[in-house]
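Below: one structure, written as structure tokens.
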């Protein structure tokens, strides 16, 4: 199945909507000069959103969506210790080719849902993508182990992310549910096998609540279960060997 991209056809509109005295001014009601000034400070995903919002903004921000802007956005994410695409097939030539990459598509989707803001609050839990783990580990080693526990919004830059309370509510709702309580002993056992009991339990809770990349967490769960099965097999073989006795040898008189 081809990955779902964020590129859609913009609505048919060639100029900003007129403002009304009885309504609040929108972005489209501002002068074009202000639009250009604002666009100069926006990162690549926000420029792309403006391009897909309206044909007027598509014409305005189109010249700013260049190869340099896409490369600069990836570099800025690397500097912030955020996941970056590592695929060798990634193309920066056009927006369509760039967003069609599965890793870029996933990053934009997670950014839009503020999931990266939730990840920043759990620095000890591996909530990212498997392809990004090594990159993130290298960046942390180069820049030092700084504390990433924060509620700042990585999308708007606000001190507090507006989506975090809703995400916390989803996690708490799962933990208080029947499924969450029934699976708690299993999660504690699997977490003990991995040596990350609290972190792994929290990461799986976040995955079920829709906060993290579920395949990554389920893969870790599978590896821990495989480790448990290996321990059981080794213990069974050891018990079988201990119980084994050589058959008696019959001696016959010559």
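Residue numbers (full-length UniProt numbering): 1 to 254.
Where a beta carbon is used, it is the ideal one built from N, C-alpha and C, also for glycine.
Open item on the list: Please classify residue 60 as buried or exposed, where buried requires at least 16 other C-beta atoms within 10 Å of its C-beta.
Closed with: A residue is called buried once 16 or more other Cβ atoms fall within 10 Å of its Cβ, and residue 60 is buried on that count.
Open item on the list: Judging by CA-CA distance, which residue of 228, 48 and 93 is the nearest neighbour of residue 58?
Closed with: 48
Open item on the list: Once the 5 residues before and after residue 239 are set aside, which same chain residues still bring their CB inside 7 Å of it?
Closed with: none
Task: For residue 131, the three-state DSSP class (helix, strand or coil) - done: Residue confidence for residue 131 is low, a pLDDT of 41 falling below 50, so the modelled location carries little weight and cannot support an answer.
Task: DSSP three-state assignment for residue 60, whether helix, strand or coil - done: helix
Open item on the list: Could you check whether the Cβ of residue 63 sits closer than 8 Å to any Cβ belonging to chain D?
Closed with: Given the protein chain composition of this structure (a single chain), no chain D is represented.
Task: Through-space distance from residue 103 to residue 97, alpha-carbon basis - done: Cα-Cα distance, rounded: 12 Å.
- [ ] Please confirm whether residue 160 and residue 151 have their CB atoms less than 8 Å apart.
- [x] yes
TODO: Kindly indicate which three-state DSSP category residue 259 falls into: helix, strand or coil?
DONE: Residue 259 cannot be examined here, being either before or after the span of the chain that is shown, 1 to 254.
Task: Contacting residues, own chain, Cβ-Cβ under 6 Å from residue 230 (five flanking each side not counted) - done: none
Task: Bounding residues of the alpha helix (DSSP H) (the contiguous stretch that carries residue 92) - done: Residue 92 -> no alpha helix (DSSP H), and no H or E assigned at all.
- [ ] Using the Cα positions of residue 154 and residue 71, report the straight-line distance between them to the nearest angstrom.
- [x] 18 Å
- [ ] Specify, as a first and last residue, the run of the alpha helix (DSSP H) that residue 118 falls within.
- [x] 115-119
Open item on the list: Going by C-alpha to C-alpha distance, which of 182, 69, 117 and 37 sits closest to residue 163?
Closed with: 117
- [ ] With DSSP collapsed to three states, give me the class of residue 53.
- [x] helix
TODO: Grab the span of the alpha helix (DSSP H) containing residue 170 for me, first residue to last.
DONE: 164-176
Task: Rounded straight-line distance, which links the Cα of residue 42 to that of residue 85 - done: 20 Å
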